[in-house]
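Down below is the structure, laid out as C-alpha cells.
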Amino acid sequence: MAGKIVIKGARVHNLKNIDVEMPRDRLVVITGVSGSGKSSLAFDTLYAEGQRRYLESLGADARQLLKQMAKPDVDAISGLSPAIAIEQKIGIASPRSTVGTMTDTYDFLRLLFARAGEPSCVNCGSKITARTVDLIVDELMAEPAESRIVVLAPVEWARGGASKSLLELARQGFTRVMVDGQLHELDDDFSEAAKNANRLDLVVDRLTLRPGVEKRLADSLELAAKAGQQVIKIAISASAQNALPRELIFSLNLTCAECGSAAPEMTPSLFSFNSPRGACRGCNGLGSMIRRGKSADDAAPCPECGGSRLNEQALSVRIGGKNIAQLAAHSAAELRQFLSDLELPQDRKIVGAKIIAEINSRLTCLTRLGLDYLSLDRGSTSLSGGEAQRVRLATQLGVGLSGVLYVLDEPSIGLHQRDNARLIEILRELRDRGNSVIVVEHDVEAIRAADFVIDMGPGAGAKGGAVVACGSAERVVSEQQSLTARYLSGKDSVPIPAQRRRGSGVLRVSNICARNLKDLSVEIPVGALTCVTGVSGAGKSTLVMEVIFAGVARLLRRGGAFQGTGQITGWEVLERVIGIDQAPIGRSPRSNPATYVGLYDHLRELFAALPEARVRGYRAERFSFNLPGGRCEACQGDGVVRVEMQFLPDLFVTCESCRGRRYNRETLAVKYKGLNIADVLDLTVEQALELLSAVAPIYDRLRTLREVGLGYLRLGQSATTLSGGEAQRVKLARELARKSTGRSLYVLDEPTTGLHFDDVRKLLDLLNSLIDQGNTMIVIEHNLDVIKCADYVLDLGPEGGASGGRLIASGPPEAIAAAAESVTGRYLKAVLGGTASY
30 MAGKIVIKGA RVHNLKNIDV EMPRDRLVVI TGVSGSGKSS LAFDTLYAEG
80 QRRYLESLGA DARQLLKQMA KPDVDAISGL SPAIAIEQKI GIASPRSTVG
130 TMTDTYDFLR LLFARAGEPS CVNCGSKITA RTVDLIVDEL MAEPAESRIV
180 VLAPVEWARG GASKSLLELA RQGFTRVMVD GQLHELDDDF SEAAKNANRL
230 DLVVDRLTLR PGVEKRLADS LELAAKAGQQ VIKIAISASA QNALPRELIF
280 SLNLTCAECG SAAPEMTPSL FSFNSPRGAC RGCNGLGSMI RRGKSADDAA
330 PCPECGGSRL NEQALSVRIG GKNIAQLAAH SAAELRQFLS DLELPQDRKI
380 VGAKIIAEIN SRLTCLTRLG LDYLSLDRGS TSLSGGEAQR VRLATQLGVG
430 LSGVLYVLDE PSIGLHQRDN ARLIEILREL RDRGNSVIVV EHDVEAIRAA
480 DFVIDMGPGA GAKGGAVVAC GSAERVVSEQ QSLTARYLSG KDSVPIPAQR
530 RRGSGVLRVS NICARNLKDL SVEIPVGALT CVTGVSGAGK STLVMEVIFA
580 GVARLLRRGG AFQGTGQITG WEVLERVIGI DQAPIGRSPR SNPATYVGLY
630 DHLRELFAAL PEARVRGYRA ERFSFNLPGG RCEACQGDGV VRVEMQFLPD
680 LFVTCESCRG RRYNRETLAV KYKGLNIADV LDLTVEQALE LLSAVAPIYD
730 RLRTLREVGL GYLRLGQSAT TLSGGEAQRV KLARELARKS TGRSLYVLDE
780 PTTGLHFDDV RKLLDLLNSL IDQGNTMIVI EHNLDVIKCA DYVLDLGPEG
830 GASGGRLIAS GPPEAIAAAA ESVTGRYLKA VLGGTASY
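Quick look at the structure:
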C-alpha cells in the first residue's frame, strides 16, 4: 500500500515541534547521536499513537482507558498502521519465560508430544502402547503357522469374595483359569487353589494359528479385552513339541500392560511447566529452588525434577527416545537436526509433519538471526538486550503479519558483523510483506541498506530534537551539518592509537571448561585494554563474566577460592574487580538513575535543608517517594497506576491524583531555585548540572553521567524504561564517581550499545583515562572502532554454541586481522588502514 506517514508538530520530550514525512511500507532508519530524539520520535510518538489508536478501535471498556492515557504531544499523524514495538530493553522478565515460550516454539513442541508422543509407565518404565484388535490380529497372524496360542484375560481376584467372583465368572461361561501359570478348572475346588494366588488369568480361548482363524481370533480378543479391563495376554507356543511358551501383553488403551498403571491423558497442558498438570510439584515449574538464607542468584536446580521444570508423568512421554525437557535443552541448530532425522510411526506421521513444519519455521528464524546456539529452555532473564530483541523479531517473522508498523530499537546489538547481512535481509523481508519497518540504529550497514534515513540532532538533550537530514542514505551522507554524515563519509573517524600498551603483567586463565569453552587457556595483559570478540554464542560472556569476573571476585575475597575446572593466576596484583553488564539497574519502576548513582540521597538532604522545609519540620525522608508522608498515596509514589487489560499487556496510566508527580501537594510546596523535587527529578542530566553545579556531591555524580554519554537522561526516569546499553553506562557512571585507587579490573559487556560513532569516541577516551590510572579493562565487543583501538584482542569461535569455545587468535588487532581463520579479522582488516573508512 503506497503512501506516506506524515508527522506534524511533534513535541514529545526534546522534539522541537518537528514535521517529518517518511514512506510507508519501506525500511526507514532513524539515526543520530545519543539523546538526539530518535526514540522519542520512533517509540514515544509513532508507536505510542499507533497503540492508542488500536485501543480506540476496541470495545467501550478499552476506550474508557483512552481518557487516562496520555496522548503524544503531536499536532497530527496520518498514514499510521497498527504498531508493534520490538525493543532491546531487558526489563523485568518472568522466571517462567524462556526462548521457547517467547517464540511459541515450545507451544508447538508440547502439541507434538501430545499428538505423537510415546508414553512409558512411570512405575515400571515399560512402554505403553494402545493397540486395536485388528492390529493385534495382524501381529499374531504374522507368527509361524501352526503356532498354538491361549487367549487370556488378566482379572482382579477379590480374595474376600471368592465364592461371589467364582459364580460371576462361571455364569459368563468361562470354564478354565490360569492361577500363577497353572491351569485350573473353574469349579468348587478353584477357590481353595486361588486363595494365595498372585496372578489370575481367565482362559478365553485356545486355538492354532492357521489361515481362516482370523474371525474367531478377533472375537476372542474382544471378549478377553472386556473381561481383562482392556488388557489382553497371549501365551504362544511354536509348533515344535518342546518349544517353551512366550507371553505377549497388549493394551487397548494407554494402560501399562505390566503393572496396570494408567498413562496420563496426553494433552498440551501435560507438557507445560506453567500448568498444574505438568509442573514439577517441588519447584512449581521454576526448575530451581532458593536455599534458605541465599539470594536468587544462588538458586540451585530443583532436586525433584533436576531443573527440567516438569513432573515425572510429563517426562515419561518420549519422541525419538527423548522427553520434551531433553529436546528443549538442545540448541536451535541441534533441535532442527533431530527433527530432520526423526522417523515417526506411520499413524502419527501426517499430523506430526504439520507440527514439525511449524517448529522448523521458528527455528529457521532463530538461525537466520544468528541465534541458533540458544536452547529453547534458556531463560529470558539470561538473554542480553540484543538477544532478547532478536528473539522477539524471530517471533514476528513466524507470525507472518502484513500491514503493520514495526518499530525496532537497534536490532544489530550483540550481532557480529558477519550476521548483520542476515539481519538486514530479514528486515527487508518484513518490509516486502507489506509492512512499514522503522529502525533506530547506528550500524553503518543498516543505514546504507535503508530506503529512507532520518538523522536526528544536531546534539543531545536540549541541543537535539531536530531533523538534521532525511532522505536516501546517499543524500544524508552529503549533508554538511550532520555529524552522522561526517563519520559515514570518512571526514571524521575514531583514531587508531599511535602506540599500543604492552601491559605491566599478565592475568592467566588456564584449562577452563565451562559451558561451551573447551579446555581454554588465555592471557590478558594487566594495565591494558583487552577486547574479547567472536560471533554470537562463541563463549565470550562465559569466559569474561562467568569465569574471569566471577573467578577473580572469589579469589579477592578473604579465604575465597576459584571454583570450577582450570585455574586463574596473576590476579594478586589486583585490588578489586568491577563487573558492568546490561542487566537492569533496578527490579521496580521506582529505581532510576538518581537512586542508582547515589545522588538521590543528597538531593533529599538538599531539600530538607531548605528554610521552607525546616519551618514545616520536614526531614529528608519526607522527600522520598518510597515512604509514606511525602509521597502521593493514591499511586504510592509510582506516578502511574497499573490497569489490567486481560488479553493485552497491562497498561500504566498517569495517576489522576498527583498527575504523575509522585508527591503530595504539601511536599511539592518546598522549592529550590523555583523548582520542587518532582521538577528536579524531571530534569535531564545536562539541565541538572546547570541547576546544581554548587552542590559538590550531586555535581560529581551528574558529571560522570554526562561523561558516559547519558546527559539526555532524566534523573527520575524509571529504570525499567532504560535500554541494556543505558543501564550499563549508568553502572559505569556510578563506578567512575568513586575515587579510583588503580589496580582495579573493569569487565564490560558491549558498552557501545546504543552509542553513536561520536559517542563511541568519547567512551574510548573515558576507558583509556581509567587504564592510564593503572586499571585493567576487559571488554566484550563487536564494534570495530573499539576493537581496532584495543591493546590486545582475544577472538573466540569459530562458530556459536557447541561449535565455538576455542581461541581462534590473540594479540594486537593487527594480529587478528592477519589470522586466516578469524572471521572478526576479515572485517577488522578493512578498518586498520590508519583511519577507519566506512
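Converting from the sequence shown to the working numbering requires adding 29 to each position, the first position being numbered 1.
Heads up, the beta-carbon is just placed ideally off N, CA and C, and yes, glycines get one too.
Since this is a predicted model, take the numbers as computed values, not measurements.
In the assembly as shown, Gly-429 is an exposed residue. Its beta-carbon has fewer than 16 other beta-carbons within 10 Å. Proximity of the stretch 458-478 to the stretch 48-60 meets the contact definition, three or more beta-carbon pairs being nearer than 8 Å. DSSP places Phe-654 in no beta strand (DSSP E); its state is neither H nor E. By the beta-carbon neighbour count (other beta carbons within 10 angstroms, threshold 16), Val-815 is buried. For the 7 Å CB-CB criterion, Leu-796 and Ile-609 do not form a contact. For Asn-449, the uninterrupted alpha helix (DSSP H) segment begins and ends at 446-461.
For Arg-275, the enclosing beta strand (DSSP E) covers residues 275-280. Closest by C-alpha distance to Arg-228, out of Asp-461, Ala-717, Met-207, is Met-207. Taken in chain order, the complete alpha helix (DSSP H) segments of 4 or more residues contained in the stretch 565-646 are 579-585, 622-626, 628-637, 640-645. If you look at Ala-723, you'll find it isn't in any alpha helix (DSSP H); DSSP assigns it neither H nor E. Between Leu-422 and Thr-132, the alpha-carbon positions lie close to 9 Å from each other.
Rounded to whole angstroms, the separation of the alpha carbons of Gly-599 and Gly-854 is 28 Å.
Exposure of Ala-638 is indicated by the presence of fewer than 16 other C-beta atoms within 10 angstroms of its C-beta. Selection Ala-543, Ala-557, Val-473 evaluated against Ser-570 yields Ala-543 as nearest (Cα-Cα). Secondary structure at Gly-349: coil, using DSSP grouped into helix, strand and coil. In this model, Cys-331 and Arg-391 are separated by some 29 Å (Cα to Cα).
Uninterrupted beta strand (DSSP E) stretches at least 3 residues long and entirely within the stretch 794-843 occur at 805-809, 821-826, 835-840, given in chain order. Counting only runs that start and end inside the stretch 725-763, the alpha helix (DSSP H) elements of at least 4 residues fall at 725-736. Close CB contacts of Asn-540 within its chain, under the 8 Å cut and outside five residues either way in sequence, are with Asp-548, Leu-549, Ser-550, Thr-594, Gly-595, Gln-596 (chain order).
The closest CA to that of Gln-611, considering only Met-574, Val-602, Ile-385, is found on Met-574. If only uninterrupted beta strand (DSSP E) runs of at least 3 residues are considered, those enclosed by the stretch 529-565 are 534-543, 546-555, 558-562. For Gly-615 against Tyr-625, the beta-carbon gap comes to about 7 Å, under 8 Å, which counts as contact. Your pair Ile-261 and Leu-250 checks out as a contact, with CB atoms roughly 6 Å apart and the cut at 8 Å. For the pair Lys-37 and Gly-108, the CB atoms are not nearer than the 7 Å cut-off. In terms of Cβ geometry, Val-860 and Ile-845 do not form a close pair [threshold 7 Å]. In terms of Cβ geometry, Leu-238 and Ser-176 form a close pair [threshold 7 Å].
Excluding residues up to 5 positions away in sequence, Asn-449, Leu-452, Glu-470, Asp-472, Ala-475 lie with their Cβ nearer than 7 Å to the Cβ of Ser-441 in the same chain. The continuous beta strand (DSSP E) containing Cys-499 extends over residues 495-500. Fewer than three Cβ pairs drawn from the stretch 156-174 and the stretch 385-404 lie within less than 8 Å of each other, which leaves the two stretches out of contact.
Counting the other CB atoms within 10 Å of its CB gives Thr-770 a total below 16, which places it among the exposed residues. Judged by their CB atoms, Ala-707 and Arg-690 are nearer to each other than the 7 Å cut-off. When rounded, the separation of the alpha-carbon atoms in Tyr-741 and Gly-415 is 22 Å. For Ile-607, the CB contacts under 8 Å within the same chain, skipping 5 residues up- and downstream, are Glu-764, Ser-773, Leu-774, Tyr-775, Val-776 in chain order. Checking the DSSP bridge columns, you'll see His-213 partnered with Val-206. If you draw a 10 Å sphere on the C-beta of Arg-694, you find fewer than 16 other C-beta atoms in it, and that means exposed.
Each residue's CA atom was taken as its position, placing Gly-154 and Ile-278 some 15 Å apart.
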